[in-house]
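Engineer: Residue numbers (our numbering), protein chains in the order written: chain A, 1 to 356; chain B, 357 to 712; chain C, 713 to 1068; chain D, 1069 to 1424.
Ideal Cβ placement from N, Cα and C applies to all residues, glycine included.
Given the structure is predicted, the values throughout are model-derived calculations rather than measurements.
There are 4 protein chains.
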Amino acid sequence: MSSTYGSKIKISVFGESHGNGIGVVIDGLPAGAAIDRDAVLAQMARRAPGRDKTATPRKESDLPRVLSGMRGDILTGAPLCAVIENTNTRSQDYGNLLAMPRPAHSDYTAYVKYRGANDIRGGGHFSGRITAPLVFAGAVCRQLLERQGVRIAAHIERIGNICDARFDPVSVDPSLMQRLSASSFSLIDGMKEAPMRAEVEAAHTAQDSVGGVIECAVTGLPVGVGEPMFDGMEGAIAQAVFGVPAVKGIEFGAGFALAQMRGSQANDPFRYENGSVVTETNHCGGILGGISDGMPLIFRAAIKPTPSIAMPQKTVDLQTGENAVLEIRGRHDPCIVPRAVPVIEAAAAVAILNLM
Amino acid sequence: MSSTYGSKIKISVFGESHGNGIGVVIDGLPAGAAIDRDAVLAQMARRAPGRDKTATPRKESDLPRVLSGMRGDILTGAPLCAVIENTNTRSQDYGNLLAMPRPAHSDYTAYVKYRGANDIRGGGHFSGRITAPLVFAGAVCRQLLERQGVRIAAHIERIGNICDARFDPVSVDPSLMQRLSASSFSLIDGMKEAPMRAEVEAAHTAQDSVGGVIECAVTGLPVGVGEPMFDGMEGAIAQAVFGVPAVKGIEFGAGFALAQMRGSQANDPFRYENGSVVTETNHCGGILGGISDGMPLIFRAAIKPTPSIAMPQKTVDLQTGENAVLEIRGRHDPCIVPRAVPVIEAAAAVAILNLM
Amino acid sequence: MSSTYGSKIKISVFGESHGNGIGVVIDGLPAGAAIDRDAVLAQMARRAPGRDKTATPRKESDLPRVLSGMRGDILTGAPLCAVIENTNTRSQDYGNLLAMPRPAHSDYTAYVKYRGANDIRGGGHFSGRITAPLVFAGAVCRQLLERQGVRIAAHIERIGNICDARFDPVSVDPSLMQRLSASSFSLIDGMKEAPMRAEVEAAHTAQDSVGGVIECAVTGLPVGVGEPMFDGMEGAIAQAVFGVPAVKGIEFGAGFALAQMRGSQANDPFRYENGSVVTETNHCGGILGGISDGMPLIFRAAIKPTPSIAMPQKTVDLQTGENAVLEIRGRHDPCIVPRAVPVIEAAAAVAILNLM
Amino acid sequence: MSSTYGSKIKISVFGESHGNGIGVVIDGLPAGAAIDRDAVLAQMARRAPGRDKTATPRKESDLPRVLSGMRGDILTGAPLCAVIENTNTRSQDYGNLLAMPRPAHSDYTAYVKYRGANDIRGGGHFSGRITAPLVFAGAVCRQLLERQGVRIAAHIERIGNICDARFDPVSVDPSLMQRLSASSFSLIDGMKEAPMRAEVEAAHTAQDSVGGVIECAVTGLPVGVGEPMFDGMEGAIAQAVFGVPAVKGIEFGAGFALAQMRGSQANDPFRYENGSVVTETNHCGGILGGISDGMPLIFRAAIKPTPSIAMPQKTVDLQTGENAVLEIRGRHDPCIVPRAVPVIEAAAAVAILNLM
């Protein structure tokens, strides 16, 4: 297995949903920087379950304990390790999963890859729960970025058929970003909360789940961050964002819409503005040649519907070798998109700090 | 700069469009394997310019010379280096670019990042030309994959407003794949060639360019390839594919369409078929938890329109510090999508061999 | 900072001597393998302080708690994280070190590098204490190696002026290896224990410390492990072994003695023995071209005397900017060589498993 | 295979002794820096064969051709690739080696590892010849280091039984360093040249070869270069230096002599000198806790005798499966130590620039 990311800032995530604990080691952080622990906890609270009707009723304390790398609130320069104990697990809910892989989960592929030795309870290392240490890491990284003027915020761009507004790609309002990155149901247009919640509730009532899209903006990047080819910003951010379970697509700037554009429309004209070079539009999402151009970096990630649904599903029984029907019990979000917002922000924070 | 990819198979691409030569070092190839050089050249010919009305009239020999790593046609196990000499360059076409960055190109970001020292002629290291060594590397990797039963083929899913058919996600016809991966204008539905060429020609006539989407399928993968989180197949393939200039989005399986689905629709039911576990649908694109599930791996990449267009464009003059208008001369494809098809296949081949 | 090692088996060590805890994340272990926890603890006990007159009286429980990567005694394939809580610390012993760097310690260099923010108590991340998680990692790796027939054992080749016998380089006795790797004062020639202990005691009495050499043998390696140039076995093992504090030299086979040899003496002649290719001598230490040749792999590491000595030492006062005299209190081994033996074995185990 | 080094500065060496060419890709060099090509060639000339009675009579042009990464004499920031064509090879000299591995060479281990597919002619990728691109890379890196005040010089500390003086570890004379790093037979004490050459000639006359030790000093390093544990300066330099064929040992500062010291003798006292912190002695070789302390960094590398000797040697015939006697023809240095001096300097330059 490999759950590490980065070269300058190295993240190593560990843990299984129903093991003793989960956590992260962050290597490469600058000595002497102060970390606001409350701000870290605030980010983790946005991801924590049970805070919202759209989320699973399982409650986690999810309070991380820092074992190393900080003295008081100051980074020592040594690798920072934070651990979250696992409590409140109900493993008996997962009994029949041992033989019957849940559709759209990693159960079957992990079973084959790890020859049945992986810890399937709660999805094991593939659980959405291990995004908690990723949010921790991202919350640390984002504080360091903010001191360099770099801000990150994301919002629910879509749940099912209900869409939020999108960021203005040439000018993202700082106070909007602040509001979004403090919210547990992040929307540009607050009027969309009710219909989105209705969409989720409808899926829940139907013993079903629903997917969505998250849009993320990064502002304040200097020109010149990112490397050519395989270490360009798109690839680096994509690798981090695809590390978040349930992400199945990513696009930068106008993304897939560029396919239907002409160059004269897609190309972002340069212009001087107050002595700085800006672009009049931002179809490239703030990235040219893999390198930041100083405009807002904007990307969207597609989130598939929660795979665990209450209605019966067709699967196989790996012990009997026969087709089977699975009914999943346990506590599952009908829609993980709201809780995934801070996770996407965290992945972006880690990727960008690593490139700077 | 960093133009390297991979851990088990390491690719290091070098070269600038108008330097002495471009090439690639491939480390980690298995000793003793035979490489069909003609098959490699056939792949490179698909990418080579000047073979098609949609492509730039610049002709390149583009014949790679292998400096090391092969004795006759046999891999020695040592790093394989292949070099392509640069000839037929017309650097004078790029004179005014030194001061006026081309919109949607890397000119401006590279100028800032490399403090004006980068070789801007032809885009330098950011040129589409350095996808030639990537195709070389991919052509070697794909031969090794084919011997393990893994096949890769892509096609033009869209140019502008004209769409090809899509792959049947649960069963990709091997003879179709063979036809596609030998074509220089790869389409599932050959009837779409004429309207697509008309779309390109219309853009060309309008001194403009047009974008598109490439869809790629990988079949024959065993269950269990890929690692969790950041080294999952989505992230690994994305990093390689975003290494290809002009790619601005990637989606796996149903991708962004998953956002509008319910779980009951998106989840791919498992079923036994001839003793093997298969899925009845393939919305996940053959990847669960970052790991291959044995079904066809399918992804689509969004390609932006060629940035270099003949019509005048707004830009800045970095020497005078004033706004300016740029007219790009030189030879440029009005649509690079057809030539990008073998490049996307190559990126996929490198990424997948690296994970196996 | 960077305290990570490896590519296939990735080790990430974290912790500071007087922080909340220390530990290690091990990524890349094979799913399904059983780990003998008692055997792991036995290795950790060899390194633990307070078991021997040569060691510091500080007692540590040093019992690692596995947070992830194991279910029962079986590796799940997910990253294994083991944590050791820090207890029994006496930080007040380190008060004056904040201003006065201890000679031959990392205090001064870490102070400059981390701008005074590093945790100096007990040496912080540079403490010999963080070799405990390395021994944990090595103990896991060595069990996996043993199942492939690879054995590792080291002994105290020298303390001060007293030397043990050396391994027979062409044939290392398996029962000797077993005895050594279970001992807390590992010697080939047990008669040397008394004079070595006397050497240590003499240093201790003189408020001084003493260094030594550790010799390590690895048997059962197949031919062909290791890569050319920078990933040869010498370099890979050296990088791991220099990760152990106090190591200042390493040599393979005859090592520095080769400098005084002629080729006719140094070259190890090949010969068939029972159908296998062996060498008659083993001056190369079992490594040719960076690759194992099937003979015992043998190396020696030089260990400097414990830097912390009780007698007054000249240093500087970084606060007053004046020369000063330092008297180190606290608990310190007059000789760490015996306790370093399992650490060197652990470093070798990690390096070799990573290459296989 | 893997012949890559570094993270910030990545070196990828390719080539086989009798293939089409050898070379190196250097990734991560700073854009805009000027490179003195004559100074690069001067370093390569020090390593080139045929310039000295101690060296093989094979003459190589060894003139590197830069394919990319430079425009004129200026680094563009793109990966720098330099290629040296292979000419003047006499492959017929290596006919019987295909079956009979040369003792102390990589022939046998590479044969097994690469299943007979490696290019054995001239040692293939394991040839001392591929140190030429390493010297190229080192010569580029050292120019960049010099502009930051960092100087590197090495000398022949020993050939067989004849020893040169050693560097004064607390103060290495800059003019001495300049002289050494321009010499093709680098000695502190020029009076030792005659006896050393006699030692080599005696070995040559006896159809034999002889080994030696190279001592290297690096001055002008700021305090704080290097990372803890596995990325400490000792490990990083060791990995680079063991990438040089024939190196079998490395020690820093007093190295193995520390084993016989007491702490009171080994510890280097700190003292203020002109407002700077210095150490009165330098037994640690300028490295504490893996991090540079501002004093000269000093290490020694043990070089084994040239394995290829003219006298008959015992080996095996891998085709007949019987013991055999081998007579090596071809051109071989009786002592490679003088030519290895610039190679060791180059390895040090690459390792140190990568850490800075």
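(1) Answer with yes or no whether the minimum CB distance from D:Phe1338 to chain C is below 8 Å.
(2) In or out: B:Pro698 buried (at least 16 other Cβ within 10 Å) or exposed?
(3) My parser needs the beta strand (DSSP E) runs of 3 or more residues fully inside the segment 136-200 of chain A; what are they?
(4) Using the C-alpha atoms, what's the distance from D:Gly1190 back to D:Arg1397?
(5) Let me know the secondary structure DSSP gives B:Asn376 once reduced to three states.
(6) What first and last residue would you give for the beta strand (DSSP E) that runs through C:Tyr984?
(7) Just curious, the alpha helix (DSSP H) that D:Gly1303 is in, first and last residue?
(8) Under the three-state reduction of DSSP, which class applies to A:Leu134: helix, strand or coil?
(9) Listing by chain order, which chain D residues have their CB less than 8 Å from the CB of C:Glu1034?
(10) D:Glu1319 touches chain C at which residues, Cβ-Cβ below 7 Å?
(11) Are A:Val200 and A:Cys284 touching if we call contact CB-CB under 8 Å?
(12) Note down the Cα distance separating D:Arg1126 from B:Phe655, rounded to an integer number of angstroms.
(13) Any C-beta of chain B sitting closer than 8 Å to the C-beta of A:Val172?
(14) Looking at the secondary structure, which residues open and close the alpha helix (DSSP H) in which A:Thr109 lies?
(15) Which word fits A:Gly226, buried or exposed, when buried means at least 16 other C-beta atoms lie within 10 angstroms of its C-beta?
(16) Kindly list, in the order they appear in chain A, the residues whose Cβ is closer than 8 Å to that of D:Ser1435.
(17) Let me know the secondary structure DSSP gives C:Val937 once reduced to three states.
(18) Is it the case that the Cβ atoms of D:Leu1202 and D:Val1081 are separated by a distance below 8 Å?
(19) Just to confirm the assignment, what range does the beta strand (DSSP E) spanning A:Ala301 have?
(20) Could you confirm whether any beta carbon from chain D is found closer than 8 Å to the beta carbon of C:Arg974?
(21) Using a Cβ-Cβ cut-off of 8 Å (strictly less than) and excluding sequence neighbours within five positions of B:Arg627, which residues of its own chain qualify?
(22) Kindly indicate which three-state DSSP category D:Phe1082 falls into: helix, strand or coil?
(23) Which partner residues does C:Lys720 have in the DSSP bridge list?
(24) Confirm, please, whether the CB-CB distance from A:Leu353 to C:Ala829 is below 8 Å.
(25) Please return the same chain residues whose Cβ sits closer than 6 Å to the Cβ of D:Ala1322, not counting the five positions on each side in sequence.
(26) For the segment 917-935 of chain C against the segment 1015-1024 of chain C, are there 3 or more C-beta pairs whose distance is under 8 Å?
(27) Which residues, taken in chain order from the segment 477-491 of chain B, show a beta carbon closer than 7 Å to some beta carbon of chain D?
(28) Does the beta carbon of C:Cys853 sit closer than 8 Å to a beta carbon anywhere in chain A?
(29) Which residues does DSSP list as the beta-bridge partners of D:Leu1143?
(30) Which class does C:Asp1029 belong to by DSSP, given the choice of helix, strand or coil?
(31) Between which two residues does the alpha helix (DSSP H) containing C:Gly975 stretch?
(32) Measure from the alpha carbon of C:Glu927 to the alpha carbon of each residue in C:Val953, C:Ser883, C:Ala866, then state which is nearest.
(33) Mapping the DSSP letters down to three states, classify B:Val693 as helix, strand or coil.
(34) If you run the structure through DSSP and keep just helix, strand and coil, what is D:Asn1154?
(35) Could you tell me whether the Cβ of A:Val267 comes closer than 8 Å to any Cβ of chain C?
(36) Are C:Glu869 and C:Val925 touching if we call contact CB-CB under 8 Å?
Structural biologist: Reading it off the structure:
(1) Chain C, which has a Cβ nearer than 8 Å to the Cβ of D:Phe1338, makes this yes.
(2) Buried.
(3) Within the segment 136-200 of chain A, the complete beta strand (DSSP E) runs of at least 3 residues are 151-159.
(4) Spanning the two alpha carbons is a distance of roughly 11 Å.
(5) Residue state, collapsed to three classes: coil.
(6) Counting along the chain, C:Tyr984 sits inside the beta strand (DSSP E) bounded by residues 982-985.
(7) Unbroken alpha helix (DSSP H) run through D:Gly1303: 1301-1309.
(8) A:Leu134: helix per DSSP, three-state reduction.
(9) The answer, in chain order, is Tyr1340.
(10) The answer, in chain order, is Lys960, Gly961, Ala1014.
(11) Not closer than 8 Å, so no.
(12) Reliability fails at D:Arg1126, whose pLDDT of 49 lies under 50, so the model's placement of it is uncertain and no value is given.
(13) Closer than 8 Å: no.
(14) It spans 107-113 - the alpha helix (DSSP H) in which A:Thr109 sits, taken as one unbroken run.
(15) Counting the other Cβ atoms within 10 Å of the Cβ of A:Gly226 gives 16 or more, which makes it buried.
(16) Outside the displayed span of chain D (1069 to 1424) sits residue 1435 of chain D, for which this structure offers no information.
(17) Correct three-state label for C:Val937: coil.
(18) Cβ atoms of D:Leu1202 and D:Val1081: closer than 8 Å.
(19) Boundaries of the beta strand (DSSP E) around A:Ala301: 297-303.
(20) Using a Cβ-Cβ cut-off of 8 Å, C:Arg974 counts as an interface residue toward chain D, since at least one Cβ of chain D sits closer than that to its own.
(21) Around B:Arg627: Val633, Val634, Thr635, Glu636.
(22) Here D:Phe1082 sits in strand by DSSP.
(23) Bridge partners of C:Lys720 according to DSSP: none are assigned.
(24) Between C:Ala829 and A:Leu353, the C-beta gap is not smaller than 8 Å, which leaves the two residues out of contact.
(25) Cβ within range, chain order: His1351.
(26) Cβ pair count under 8 Å is three or more, so yes.
(27) If the cut-off is 7 Å between Cβ atoms, the segment 477-491 of chain B has Gly480, His481 near chain D.
(28) The beta-carbon of C:Cys853 is placed no less than 8 Å from the nearest beta-carbon of chain A.
(29) Per DSSP, D:Met1138.
(30) Three-state result, C:Asp1029: strand.
(31) Boundaries of the alpha helix (DSSP H) around C:Gly975: 975-978.
(32) Nearest C-alpha to C:Glu927: C:Ala866.
(33) Helix.
(34) Residue state, collapsed to three classes: coil.
(35) It should be noted that the sequence gives Asn, not Val, for residue 267 of chain A. Output row for A:Asn267: interface = no.
(36) At a Cβ-Cβ threshold of 8 Å, C:Glu869 and C:Val925 count as neighbours.
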